[in-house]
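If you read the sequences in order, they're chains A and B. Mapping to our numbering: the first sequence position 89 is 105, numbers consecutive. Mapping to our numbering: the second sequence position 154 is 149, numbers consecutive.
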Amino acid sequence: MVPEEEIKEKLISAISAYEDFSDAEKASWIKTLDAVPVDYQVFLLGLFETSPEDILKLNENIKAKQEILESGDEAAWKELLEKEKKELEELAAKGEEK
Amino acid sequence: MAERLPSKKENVEGGEAFFENMQNGERDAAKGVLSTIDKIPKGLRKGILMLAAAGTILSATEASAYHDSRHRNTSEWDRVIGVAAQVAIEEVIRQKNPYENRRYESSREYRMQAEALRQKAYQEYHASIQRTESYFRQEMNRLDNTHLPPYEKARARNQLIAQRNDGIGAAREDFAMKMRQAGESERYANEIDRGNRR
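Rendered as structure tokens:
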């Protein structure tokens, strides 16, 4: 098996075994994997294995964005960007404290 | 096979191989993020990569296709997929990197100065033209109401017209000079942003 396939297989296994996902969410994640560059797949696999709680956050983020895209609410999108910016700033601040 | 993969630690915390590989990525969005990722403190990389990963997954969803069909060519929304983090990244880079921050502040000052000079140039030009025109009309009215011989009147009228033209010419020259100064300031800001000056 080539590395790309192996990564994808591992990721599919990790998604399938992830207890906090519904069956629909698992299917949705697996369905999109072909469109996710392999390096991001490696990153995601790392998250599943080392900090699965981040996968939940990621999923919430994706769902929030999906809803906004479907509604076409530009203001909500800008608000979400602002929220992401603040979260990154908080991360940056935490990094300074350490 | 597995040994060819970067370690988990590298993946999550930013191993160089991981980022190098990503720079050859297929997606523009990913490239956008990765072009600046190495400037970002390690503690932030995971957060940023999570947002970028969310973007790559999102771009493969029906919501993305739905959005794309509705919002194609709308500039504000063109930034949507996968680049969501980019805006935040740029801001964070400015805040986290003292040199970038200083450069940004510095170039911003010059841009603000350029803008102020342009505004001042427009305001002063219009004020000057209004003063000149107002004076010209007032003097022409006065001249019309005086009882001078026709030749004297015509000569005075020509003098007034010449004065008016001189006034307008001077206002234009002053305007051009201020706009040149503004242009210099703008060019200086560009030089700072290109890293040629601080």
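We put the CB at the ideal spot given by N, CA and C, even for glycine. Keep in mind the model is a prediction, meaning the values are calculated, not measured.
| Item | Value |
| --- | --- |
| Nearest residue (CA-CA) to E186/B, options Y105/B, T51/B, L39/B | Y105/B |
| Member of T48/A, I78/A, A109/A, K42/A whose CA lies at the smallest distance from the CA of W93/A | I78/A |
| Coil, strand or helix - L143/B by DSSP | coil |
| Where V58/A falls: helix, strand or coil (DSSP) | helix |
| Residues of the stretch 29 to 48 of chain A with Cβ closer than 9 Å to any Cβ of chain B, in chain order | S44, W45, K47, T48 |
| For Q108/B and L52/A, the rounded distance between their alpha carbons | At residue 52/A the sequence reads Val, which differs from the Leu that was named. Going from the Cα of V52/A to the Cα of Q108/B covers about 45 Å. |
| Touching by the beta-carbon criterion (3+ pairs, under 8 Å), the stretch 116 to 136 of chain B and the stretch 167 to 174 of chain B | yes |
| Residue interval of the alpha helix (DSSP H) (run including A51/A) | Where A51/A is concerned, there is no enclosing alpha helix (DSSP H), given that its DSSP letter is neither H nor E. |
| Boundaries of the alpha helix (DSSP H) in which S67/A is found, first to last residue | From DSSP, S67/A is part of no alpha helix (DSSP H); its letter is neither H nor E. |
| Residue-chain proximity (G178/B, chain A), Cβ-Cβ < 7 Å | no |
| Burial state of Q118/B, where buried means 16 or more other Cβ atoms lie within 10 Å | exposed |
| A184/B classed as buried or exposed, judged by whether at least 16 other C-beta atoms fall within 10 angstroms | buried |
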